[in-house]
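Residue numbers (the working numbering), protein chains in the order written: chain A, 1 to 253; chain B, 1 to 255. Glycine included, each C-beta is placed from N, C-alpha and C at the ideal position.
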Ligand SMILES: Nc1ncnc2c1ncn2[C@@H]1O[C@H](COP(=O)(O)OP(=O)(O)O)[C@@H](O)[C@H]1O
Ligand SMILES: [Mg+2]
């Protein structure tokens, strides 16, 4: 069980025009692991996650997720795979025209055959998880940035996917909410044996959830290892990076 | 400047054609999303009914008041109901309603889908294994295509009422006589081309707005651009297709 590869990326490259964003990236995530991805803004962390679910098509390389080769899948197979993957967007990407309840129920109603009561029960439970049950009838425009992120999180985990991809789950949140969300991500991993990849700038968040970490730099995967090995490294770039990242706040795009 | 605009227009037309082909491919594949289509039709109706009502009445009034003195000069005032109703049903009702519909709806759809694109809502749908093209684009385009003919019939009706009111202001005419003259004037062969071309106009309004929104550039200015350019392109295409369809309908249903 423990040594099942959930994600395997081999020699992945992606450019936009002449601009190479990802250059020959390879990585593996085993079942039940949380992989933290660091990197300065614009190094292609979001692009990496988007390639994994087929939102962007890589130029080169292979991506295996849950035993499927993503690039070889036709749209039907890709959609079957996507039902097992949760994706939290950097911007939360809540559906503006739907209430919080409808946002959460949407993937359940569309992709699974749950009864009305089961859907409602799952929606309530997911909202309790992010302590936002009282916002169930609000519209996204009535929520603060932090609340939107938590609702986005609730929506992406509501189907209990085998693999979760988090794009900056705590960026722009206050330290207390950051901690809550980080613990939630860890609990999900422990309770549901979920596997996840977490893009973050937040050392606190990373320390709570991480087994291992990688750092992207100039398009390449430059460092990988245990988190505390990386933070305590004497490498000049890493030293600089971790002293800086502690304070950096990037607003969601 | 105008040259750049023109190039932009033609690249738009190319993309638009591909987008339309995709629409026709998807439109016959289940699931059919009837409830979404109905929801959009309701919204479109509520959104456009006030302005379209005013337009209908005014077309009838103005056209009658304008033509009345001219016809009077030739002693052909009795011809008024005939002339007004045929122009409204064949041409003015469909085209003016479609242009107003484009202004209100193409921009709305462009802005709505554009902001969904920019804020990654469309990507989110795709990652949730829900086809956004089917759910967002196909439903809206079907809704605009089906609702415009209804709006046009309603506008035609109001314009003919407006014409009656305007005649009453100047002359005496019984309602019975007026209705008889209108029925005499408007043949089936006038109604069919007038209404069927509005299916095309409704499609244009929906597909242009959806295309500009769905393919909007990142960044908030992308949304504004999607919404304004879709009005321009939709209006232009409506006029171009009107010209083509008038030719076609005169050939199919000679006057
Ligand atoms: N769809 C796209 N088209 C063109 N360039 C893109 C696109 N998506 C991302 N990029 C570029 O790729 C680079 C990496 O972006 P991103 O992955 O969002 O960075 P981050 O590591 O901050 O998440 C950026 O320079 C961005 O401008
Ligand atoms: Mg990013």
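Integer-rounded CB distance, given that residue 22 of chain A should sit under 8 Å from residue 13 of chain A
Counted from its first residue, the first chain places residue 13 of chain A at position 13. Counted from its first residue, the first chain places residue 22 of chain A at position 22. Indeed, because the Cβ distance is near 6 Å, the residues count as touching under 8 Å.
Under 9 Å, CB to CB, which of the residues in the stretch 72-97 of chain A have a partner in chain B?
Answer in chain order: 75, 78, 79, 80, 81, 82, 83, 85, 86, 87, 89, 90, 91, 92, 93, 94, 95, 96, 97.
Through-space distance from residue 24 of chain A to residue 142 of chain B, alpha-carbon basis
On the second chain, position 142 is the one that residue 142 of chain B refers to. On the first chain, position 24 is the one that residue 24 of chain A refers to. Residue 142 of chain B and residue 24 of chain A: Cα-Cα distance of roughly 44 Å.
Just mark residue 85 of chain A as buried or exposed, buried being the case when its beta carbon has 16 or more other beta carbons within 10 Å.
Stepping through the first chain from its first residue, residue 85 of chain A is reached at position 85. By the neighbour-count criterion, in which a residue is buried when 16 or more other Cβ atoms sit within 10 angstroms of its Cβ, residue 85 of chain A is buried.
Tell me the start and end of each unbroken alpha helix (DSSP H) in the stretch 163-202 of chain A that is at least 4 residues and wholly inside, in chain order.
175-192
Straight-line CA distance for residue 143 of chain A to residue 169 of chain A?
Counting from one through the first chain, the residue named residue 143 of chain A turns up at place 143. Counting from one through the first chain, the residue named residue 169 of chain A turns up at place 169. Answer to the nearest angstrom: the Cα atoms are 16 Å apart.
Determine, using beta carbons only, whether residue 53 of chain A comes closer than 8 Å to chain B.
Working through the first chain from its first residue, we reach residue 53 of chain A at position 53. Yes, residue 53 of chain A counts as interfacial toward chain B.
Out of B/69, B/88, B/9, which has the shortest C-alpha to C-alpha gap to residue 170 of chain B?
For this step, residue 170 of chain B is matched to residue 170 along the second chain. The shortest Cα separation from residue 170 of chain B among B/69, B/88, B/9 belongs to B/69.
What residues from the stretch 119-153 of chain B come within 9 Å of chain A, judged by C-beta to C-beta, listed N to C?
119, 120, 121, 122, 123, 124, 125, 126, 127, 128, 129, 130, 131, 135
Secondary structure at residue 30 of chain A, three-state DSSP: helix, strand or coil?
The count along the first chain starts at 1 and reaches residue 30 of chain A at position 30. Three-state result, residue 30 of chain A: strand.
Decide yes or no for the touch test of the stretch 185-204 of chain B against the stretch 120-133 of chain B: beta carbon pairs closer than 8 Å, at least 3 of them.
no
Check whether the Cβ of residue 60 of chain A lies closer than 8 Å to any Cβ atom in chain B.
Numbered from 1 along the first chain, position 60 holds the residue referred to as residue 60 of chain A. Taking Cβ atoms only, chain B never reaches closer than 8 Å to residue 60 of chain A, which makes this a no.
Checking contacts by CB at 8 Å: is residue 111 of chain A closer than that to chain B?
As a position in the first chain, residue 111 of chain A is number 111, starting the count at 1. Chain B, which has a Cβ nearer than 8 Å to the Cβ of residue 111 of chain A, makes this yes.
How about residue 41 of chain A: is its Cβ closer than 7 Å to a heavy atom in ligand 1?
For the purposes of this step, residue 41 of chain A is taken as the residue at position 41 of the first chain. It does: the Cβ of residue 41 of chain A is within 7 Å (strictly closer) of some heavy atom of ligand 1.
Mind reading off the beta-carbon distance from residue 215 of chain A to residue 39 of chain A? Whole number of angstroms is fine, and I expect it under 8 Å.
Position 215 of the first chain, counted from the start, is the residue given in the question as residue 215 of chain A. Position 39 of the first chain, counted from the start, is the residue given in the question as residue 39 of chain A. About 6 Å; that satisfies the 8 Å criterion.
Alpha carbon to alpha carbon, what distance is there between residue 243 of chain B and residue 51 of chain B?
In the second chain, residue 51 of chain B corresponds to position 51, counting from 1. In the second chain, residue 243 of chain B corresponds to position 243, counting from 1. In a straight line, the C-alpha of residue 51 of chain B is about 25 Å away from that of residue 243 of chain B.
Shortest alpha-carbon distance to residue 80 of chain B belongs to which of B/246, B/130, B/180, B/227?
Your numbering for residue 80 of chain B matches position 80 in the second chain. For residue 80 of chain B, the closest C-alpha among the options B/246, B/130, B/180, B/227 is that of B/180.
By how many angstroms is the C-alpha of residue 94 of chain B removed from the C-alpha of residue 9 of chain B?
As a first step, residue 9 of chain B is located in the second chain; it is residue number 9 there, counting from the start. As a first step, residue 94 of chain B is located in the second chain; it is residue number 94 there, counting from the start. Pairing residue 9 of chain B with residue 94 of chain B, the inter-Cα distance amounts to about 24 Å.
Environment of ligand 4 in chain order, Cβ to heavy atom below 6 Å:
Ligand 4 is absent from the structure shown, which contains only ligand 1 and ligand 2.
Exposed or buried, which one is residue 126 of chain B when buried takes at least 16 other CB atoms within 10 Å?
Translated into the one-based positions of the second chain, residue 126 of chain B becomes position 126. Buried is the call here.
Option in A/88, A/61, A/230 with minimal Cα separation from residue 46 of chain A:
Here residue 46 of chain A is taken as the residue at index 46 of the first chain, counted from 1. Nearest option by C-alpha distance: A/88.
With DSSP run on the structure shown, which of helix, strand or coil describes residue 223 of chain A?
The residue you call residue 223 of chain A lines up with position 223 of the first chain. In this structure, residue 223 of chain A counts as strand in the three-state DSSP scheme.
Opening and closing residue of the alpha helix (DSSP H) in which residue 242 of chain B lies
One-based indexing of the second chain puts residue 242 of chain B at position 242. For residue 242 of chain B, the enclosing alpha helix (DSSP H) begins and ends at 220-252.
State the start and end residues of the unbroken alpha helix (DSSP H) segment that holds residue 201 of chain B.
On the second chain, position 201 is the one that residue 201 of chain B refers to. Start and end: 188-214.
Looking at the C-beta of residue 250 of chain A, does it have a partner C-beta in chain B at a distance below 8 Å?
Counting from 1 along the first chain, the entry for residue 250 of chain A is found at position 250. Any reading at residue 250 of chain A is ruled out, since the residue's pLDDT is 49, under 50, leaving its predicted position unreliable.
Let me make sure I understand the geometry here. Which of A/68, A/211, A/204 has the alpha-carbon closest to that of residue 5 of chain A?
For the purposes of this step, residue 5 of chain A is taken as the residue at position 5 of the first chain. Here the closest residue by C-alpha is A/68.
Distance between beta carbons of residue 20 of chain B and residue 114 of chain B, contact taken as under 8 Å:
Along the second chain, read from residue 1 onward, the residue named residue 114 of chain B stands at position 114. Along the second chain, read from residue 1 onward, the residue named residue 20 of chain B stands at position 20. The pair is not a contact, with the Cβ atoms about 18 Å apart (cut-off 8 Å).
Can you check whether the CB of residue 32 of chain A is closer than 8 Å to the CB of residue 189 of chain A?
Translated into the one-based positions of the first chain, residue 189 of chain A becomes position 189. Translated into the one-based positions of the first chain, residue 32 of chain A becomes position 32. Closer than 8 Å, so yes.
Taking 7 Å as the cut-off, is the CB of residue 21 of chain A close to at least one heavy atom of ligand 1?
In the first chain, the residue the question calls residue 21 of chain A occupies position 21. Residue 21 of chain A Cβ: within cutoff of ligand 1.
In or out: residue 230 of chain B buried (at least 16 other Cβ within 10 Å) or exposed?
For the purposes of this step, residue 230 of chain B is identified with residue 230 of the second chain, where counting begins at 1. In the assembly as shown, residue 230 of chain B is a buried residue. Its beta-carbon has 16 or more other beta-carbons within 10 Å.
Residues of the stretch 145-177 of chain A whose Cβ lies closer than 7 Å to any Cβ of chain B, in chain order:
none
Alpha-carbon to alpha-carbon, residue 196 of chain A and residue 257 of chain A:
Lying before the first or after the last residue shown, residue 257 of chain A is absent from chain A, which here runs from 1 to 253.
Alpha carbon to alpha carbon, how far is residue 213 of chain B from residue 134 of chain B?
As a position in the second chain, residue 213 of chain B is number 213, starting the count at 1. As a position in the second chain, residue 134 of chain B is number 134, starting the count at 1. Residue 213 of chain B and residue 134 of chain B have their C-alpha atoms roughly 14 Å apart.
Confirm the yes/no value for this check: CB of residue 266 of chain A, any heavy atom of ligand 1, distance under 7 Å.
An answer regarding residue 266 of chain A cannot be provided, because it is not within the stretch 1 to 253 covered by chain A.
When you compare only the Cα positions, how much space is there between residue 136 of chain B and residue 50 of chain A?
Position 136 of the second chain holds residue 136 of chain B. Position 50 of the first chain holds residue 50 of chain A. Straight-line Cα distance between these residues: approximately 21 Å.
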